[in-house]
Amino acid sequence: MEHEATQELSMTPDATAGGTTHVADEVVEKIAVAAAKSVPGVAELGGDVARFFNAVFDRVGLDQLGDARRGCSAHVTDGAAVVNLVIVIDGGHPVPQVTDGVRAAVTSAVEAYGLRVDEINIRVDDVAIGAPGASVR
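Position in the sequence shown (first residue = 1) + 1 = the working numbering.
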């Protein structure tokens, strides 16, 4: 009876396939928006036009439309991200404290996905007077 010869392939445990990985700008935008919204003193994201359209969407039952990336744009090049945010702060919160918190939260969140953050530009577009926790002086 003849036996067929079997050949074993030697595998090295640390062998990995080559290739490139690109994280889309939109992914970074979603991550940055979620992180920014978690910072105390951030009332919402987006400029006047975005907030207007969001209010319209809310009224017609499309309240989730566009929320994931609203108020943020990002650009990823060679594993490094530049993030631009437009925020509305709650009245009574010092702008430097809120923006420092946003930069720290966004940097931490984006770096957790293996990217480097080169720059976070923040424009404070408005203040929410009469928001919960706001104190008008």
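All residues carry an ideal CB built from backbone N, CA and C; glycine is no exception.
(request) Express the C-alpha separation of Gly93 and Glu27 in angstroms, rounding to a whole number. (result) Their Cα atoms are separated by approximately 32 Å.
(request) Determine which residues share a DSSP beta bridge with Leu116 and list them. (result) Beta bridge pairing from DSSP links Leu116 with no other residue.
(message) Would Ile121 and Ala33 qualify as a contact pair, given that the criterion is a beta-carbon distance under 9 Å?
(response) Less than 9 Å divides the Cβ of Ile121 from the Cβ of Ala33.
(message) Rounded to the nearest angstrom, what separates Ser74 and Ile130 at their Cα positions?
(response) Take the alpha-carbon of Ser74 and the one of Ile130: they are about 26 Å apart.
(message) Using DSSP's beta-bridge definition, name the partner residues of Gly91.
(response) The question names Gly, but residue 91 in the sequence shown is Asp. In the DSSP output, where bridge partners are listed per residue, Asp91 has Ala129.
(request) Mind reading off the beta-carbon distance from Val111 to Leu86? Whole number of angstroms is fine, and I expect it under 8 Å. (result) Under the criterion of beta carbons closer than 8 Å, Val111 and Leu86 do not qualify as touching, at roughly 12 Å.
(request) Could you pull out every residue in the same chain whose Cβ sits closer than 6 Å to the Cβ of Thr100, ignoring the five residues on either side in sequence? (result) Listed in chain order, the non-local C-beta contacts of Thr100 below 6 Å within the same chain comprise Ile123, local neighbours out to five positions each way being set aside.
(request) Return the CA-CA distance between Ala171 and Val128, expressed in angstroms with no decimal places. (result) Residue numbering for the chain in the displayed model covers 2 to 138; residue 171 lies beyond these limits and cannot be assessed.
(request) Can you give me the Cβ contacts of Thr17 inside the same chain, cut-off strictly under 8 Å, excluding the 5 residues immediately before and after it? (result) There are no such residues.
(message) Pull the bridge partners of Glu45 from the DSSP assignment, please.
(response) The partner list for Glu45 (beta bridge, DSSP) reads Val89.
(request) Could you tell me how far apart the beta carbons of Glu125 and Val96 are, in whole angstroms, since I believe they sit closer than 8 Å? (result) The sequence given here has Val at residue 125, not Glu. Their Cβ separation, rounded to whole angstroms, is 6 Å, which keeps Val125 and Val96 in contact under 8 Å.
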